[in-house]
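Student:
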Amino acid sequence: MALYPEMFLSKWHLIIVFLTGIVLFGLIIGGYSKKTIISSTLKWLVAIYIIVTVPIALFTMDAKHIEEEMVAGLDEVYQTNKGKVENDHLVAYVGSFEDEDGDFEVKIYGGNYDDLEEFSGNVTIVIYDGEGSLLKEETYEGISLKPGDRIELDDYFTTNEAPARFQYAFE
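Counted from 1, the sequence shown has number 49 at position 50 by numbering that gives the first Met the number 0; the numbering is strictly sequential.
1) Using the Cβ count rule (16 or more neighbours within 10 Å means buried), how would you classify N111?
2) Look up K135 in the DSSP assignment and give the residues it is bridged to.
3) Can you find at least 3 beta carbon pairs, one from the region 68-77 and one from the region 37-53, that sit closer than 8 Å?
4) Could you name the residues that DSSP lists as bridge partners for I142?
5) Determine which residues share a DSSP beta bridge with I47 and list them.
6) What would DSSP say about I158, mapped onto helix, strand or coil?
7) Do the region 37-49 and the region 83-101 meet, that is, are 3 or more Cβ pairs less than 8 Å apart?
8) Take I15 and list the residues in its own chain whose beta-carbon comes closer than 8 Å to its own, dropping the five residues that flank it on each side.
9) Since L89 is in the beta strand (DSSP E), which residue starts that stretch and which ends it?
10) For a test of the three-state rule: what should DSSP assign to Y77, helix, strand or coil?
11) To the nearest whole angstrom, what separates the beta carbons of I188 and F165, a pair I think is in contact under 8 Å?
12) For the putative contact between F103 and I65, defined by C-beta atoms under 8 Å, what is the C-beta separation to the nearest angstrom?
13) Give me the Cα-Cα distance between E137 and L18, rounded to the nearest whole angstrom.
What follows is the structure, given as structure tokens:
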């Protein structure tokens, strides 16, 4: 299990400050001693932190895992096409991830593997199913990829078949 900083400190953790403030306010209004207020507030702070962090960590871990798989897919496409086409430094990758309901989240990533040249233009993606039938064709306009960029171009959900293959063109 990989750990990421966003799991332990994110904008969602601000809810901890709010809830701890409510606990502190309640203890002060309740007329408790300073020792009890400090002790109880710290205990609640830790408890609330754990309660809030667990779901955040699970969502973050899942999102980071998907991102890592997509970047690995981009790397694989780049290595496959390296030296075979004119603009081999510009690659796209389509990946699908099945959820527990059997639906698919399809993600489309683009990457620029050049060290110096920036890309600015359109990217056309054509996605096919296992039988070669067209699932989706889309042109993403005004895409900018700086050297070394690997970004998500699009994502969508489908209850149909997962994509089996794809083609792309940088224009």
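Ideal placement from N, C-alpha and C gives every residue a C-beta, glycine not left out. Everything numeric in this text was worked out from a predicted model, so none of it was measured.
Tutor: Judging by the given coordinates:
1) buried
2) K135 has I126 as its beta-bridge partners, per DSSP.
3) no
4) DSSP output for I142 lists G120 as bridge partner(s).
5) I47 pairs with nothing; no bridge assigned.
6) The sequence given here has Thr at residue 158, not Ile. Three-state DSSP puts T158 in coil, outside helix and strand.
7) no
8) L44, I47, Y48, V51
9) 89-97
10) helix
11) With the chain running from 0 to 170 in the structure shown, residue 188 is simply not present.
12) Incorrect: roughly 12 Å between the Cβ atoms, too far for contact.
13) 45 Å
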